[in-house]
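**Q**
Numbering (our numbering), first residue to last: 28 to 182.
1) Shortest alpha-carbon distance to residue 174 belongs to which of 148, 91, 165 and 161?
2) Are the CB atoms of residue 10 and residue 109 nearer to each other than 8 Å?
3) For the putative contact between residue 68 and residue 118, defined by C-beta atoms under 8 Å, what is the C-beta separation to the nearest angstrom?
4) Please classify residue 124 as buried or exposed, where buried requires at least 16 neighbouring CB atoms within 10 angstroms.
5) Please name the residue, chosen from 127, 151, 170 and 171, that lies closest to residue 161 on a Cα-to-Cα basis.
6) If you run the structure through DSSP and keep just helix, strand and coil, what is residue 175?
7) Please state the DSSP three-state secondary structure of residue 31.
8) Taking the beta carbon of residue 65 as the centre, do at least 16 other beta carbons fall within 10 Å, making it buried, or is it exposed?
9) Using DSSP with H/G/I as helix, E/B as strand and the rest coil, what is residue 101?
10) Sorted by chain position, which residues of the same chain lie with C-beta nearer than 6 Å to residue 133's C-beta, five sequence neighbours on each side aside?
11) Short check: CB of residue 87 to CB of residue 104, under 8 Å?
12) Looking at the unbroken beta strand (DSSP E) that takes in residue 71, where does it start and where does it end?
13) Taking DSSP as the reference, what is the three-state secondary structure of residue 151?
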């Protein structure tokens with residue numbers, strides 16, 4: 028039995044083009060247009076962006092420098108308005124981003140944050156927990172998330 032493989036010129040050109048335009052991480056923490064979750068996001072700080080996504084929902088993007096070959100990495104979160112105040116989904120990479128997300132939530136939703144949720148244990152989701160606690164904003168997470176974050180030394 029003869030096995031043949033055929034890769035088209037189009038596939039090769041597409042792969043080369045994708046490599047040529049692959050995201051380049053800017054030294055200032057700014058993702059390029061391919062990395063932001065939606066177009067037209069407002070840059071609130073060197074490492075935080077926000078944009079209205081749907082009624083009472085704002086998408087956030089925050090970056091951190093992972094170093095080495097990864098460089099600046101974008102992370103996405105949400106702010107969801109509710110009757111008791113907005114919920115921040117994922118707290119940023121550090122206390123400073125957490126504090127900024129609290130200010131953004133109050134600005135866009137018109138009320139201080141009522142709660143925050145960490146979707147998983149990585150520092151890019153729990154780094155702003157200290158800011159939430161300092162503002163008396165309860166932070167919710169699955170018990171496994173809490174245990175893994177503590178085991179890894181994350182807030």
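Beta carbons are placed, not taken as given, at the ideal position from N, Cα and C, and that holds for glycine.
Nothing here was measured: the structure is a model prediction, and the numbers come from that model.
**A** Quick look at the numbers:
1) 148
2) Past the boundaries of the shown model lies residue 10; the chain is included only from 28 to 182, so the question cannot be answered.
3) With 8 Å as the limit, residue 68 and residue 118 do not qualify as a contact, their Cβ atoms being about 18 Å apart.
4) buried
5) 127
6) helix
7) Low per-residue confidence applies at residue 31: pLDDT is 43, beneath 50, and the placement is therefore not dependable enough to give any value.
8) exposed
9) strand
10) 139
11) yes
12) 69-72
13) helix
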